[in-house]
Structures are given as structure tokens and as C-alpha cells.
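S.K.: Before we start, here is the structure in question, set down as C-alpha cells.
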Amino acid sequence: MVKPGRRIEIVVSRSESMTTCPDVIGRSPREAAITADSVGLMVDPQHTRYRHSNSYPEGVVMFQRPEPNREMNRDEELFLTVSLGKRPTAIVAPDLVGRKFESVGITLTKYNLRLGRVEKFPNRSVAAGTVLTQDPLPGTPMKSGERISLSIAVKPSSNQPPDTTGNTASMEEMEVE
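Heads up: the sequence shown begins at 1 in my numbering, then just goes up one per residue.
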């Protein structure tokens, strides 16, 4: 029991499971992920959004949720929006051949284009998921919202013998990765 008139000092400590959300605006997505990880938060690149901005240069975080300095539980996710830079005024088809299919969406968003038809072809000479061809060709003038169709490599079926006839396998015979 405390005697009347005595001063009591109270120290409030934060739970070990809590952390403060860092300010990652203006940093690269990689720097933001490292910073978030250092305080126990996660950044999932698949949840990262990309938008054009006249205020932020290409490749830097321009918005984050939750906002900086908010108390959060460790292992929560920090959501990022990354700048694509200024919207291009003249649009031409970008060169997508040789790129991984997973990276195509960011490039199409940057140029305000959309993904068209995607065909899959077995190919042993490049990694599965690599863009083999595109239509229209790189450098072709395009309008906002137009589509680019792609052919991508897939791993040939392991039970399929090497093709020595020049014929291509049907889509049902391929393993898609």
C-alpha cells in the first residue's frame, strides 16, 4: 500500500509483439522491404501496386498503408504503392521478348497497355515462363489500353520424347509451370 501524498511512477512498456510502422516513402521497394523486416513487418511484392505519378520518380514508394508511426503487430503486412514515373505521352510497344512473364504486367501498366492472348509453347532452350514472341512487335505505335499478345515458353512434358519431326506438341501434352 502506498502512503497518501507519495508519488508513483508508472512506466508503460510496449508489448514485444508490437512495433512502430516505419516511414518508407521515397525509398526503393527493396529498401522498404528491408526496413519493414528490420522491425518485424512484411512486404509481399505480389501485393505491391504500381501507379504513375508526376510527383515521385520511377521506382520509389509513393504511398504506404498503414501510415508511418502507427503501432502494429509484428508479422503484419505493410502495403506499398510504387511510382512508375510520369505517364508516357507517346506509346510504343515495349520489348517484352526474353523477359519473365511475371514481370510483364508491371511493364504493360507503365505504358497503359493490356495483356492480350497468351500462348504457351514447349521449349528446352529457355527457362519456363520466358516470353518468346510478342504481337505487335517492339516499337510499334499503340494507343492507350491496347493489348499485346505473347507466346511464352513452358517446360516440355517429361514423358514426351524430344521432337525430331518438327511437329509441336498439343497444349494437353505440356507441363505448365
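Where a beta carbon is used, it is the ideal one built from N, C-alpha and C, also for glycine.
All values derive from a computational prediction rather than experimental measurement.
In terms of alpha-carbon separation, which member of Val43, Arg65, Leu113, Leu41 lies closest to Val92?
M.R.: Of the candidates Val43, Arg65, Leu113, Leu41, the one whose C-alpha sits nearest the C-alpha of Val92 is Leu113.
S.K.: Could you please give me the residues that DSSP links to Arg147 through a beta bridge?
M.R.: In the DSSP output, where bridge partners are listed per residue, Arg147 has Arg114.
S.K.: Under three-state DSSP, which class holds Ile152?
M.R.: The answer is strand: DSSP assigns Ile152 an E or B state.
S.K.: Which of the three DSSP states, helix, strand or coil, is assigned to Glu122?
M.R.: In the sequence under discussion, the amino acid at residue 122 is Pro, which differs from the Glu named in the question. Correct three-state label for Pro122: strand.
S.K.: Taking its Cβ as the centre, do 16 or more other Cβ atoms sit within 10 Å of Ile8, making it buried, or is it exposed?
M.R.: The residue is exposed, with fewer than 16 neighbouring Cβ atoms inside 10 Å.
S.K.: Quick one: what's got a C-beta closer than 6 Å to Arg49's C-beta in the same chain, skipping five residues either side?
M.R.: So the qualifying residues of the chain are Thr81.
S.K.: Strictly by DSSP, which residues pair up with Phe79?
M.R.: DSSP output for Phe79 lists Arg65 as bridge partner(s).
S.K.: Consult DSSP for Val104 and reduce its assignment to one of helix, strand or coil.
M.R.: DSSP places Val104 in helix when its eight states are reduced to three.
S.K.: Would you mind working out which of Ala33, Tyr56, Pro138 sits nearest His47, comparing C-alpha positions?
M.R.: Selected option, being the one with the closest Cα: Ala33.
S.K.: How many Å lie between Ile106 and Lys155 at the Cα?
M.R.: In a straight line, the C-alpha of Ile106 is about 24 Å away from that of Lys155.
S.K.: Could you check which residue in Glu31, Leu41, Ser17, Leu84 has the C-alpha nearest to that of Tyr56?
M.R.: The option with the nearest alpha carbon to Tyr56 is Leu84.
S.K.: Count the other CB atoms within 10 Å of the CB of Arg27; is the residue buried (16 or more) or exposed (fewer)?
M.R.: Arg27 should be labelled buried.
S.K.: What do you get for Thr19, buried or exposed, if any count of 16 or more other CB atoms within 10 angstroms of its CB means buried?
M.R.: It counts as buried.
S.K.: Excluding the five sequence neighbours on either side, which residues of its own chain have a C-beta within less than 8 Å of the C-beta of Pro138, listed in chain order?
M.R.: Same-chain partners within the cutoff: Val92, Ala93, Pro94, Asp95, Leu96, Val97.
S.K.: Of all the options Leu108, Glu16, Arg6, Arg124, which has the alpha carbon lying nearest to the alpha carbon of Ser157?
M.R.: Cα-wise, what sits closest to Ser157 is Arg124.
S.K.: Between the stretch 66-75 and the stretch 33-44, are three or more C-beta pairs nearer than 8 Å?
M.R.: Counting Cβ pairs under 8 Å, three or more are found: they touch.
S.K.: DSSP three-state call for Arg30: helix, strand or coil?
M.R.: If DSSP states are grouped into helix, strand and coil, Arg30 belongs with the helices.
S.K.: Which residue from Leu108, Met1, Met62, Val104 puts its Cα closest to that of Asp23?
M.R.: Out of Leu108, Met1, Met62, Val104, Met62 has the C-alpha closest to the C-alpha of Asp23.
S.K.: Taking the continuous beta strand (DSSP E) assigned at Met142, which residues delimit it?
M.R.: That residue, Met142, is in no beta strand (DSSP E); it is neither H nor E in DSSP.
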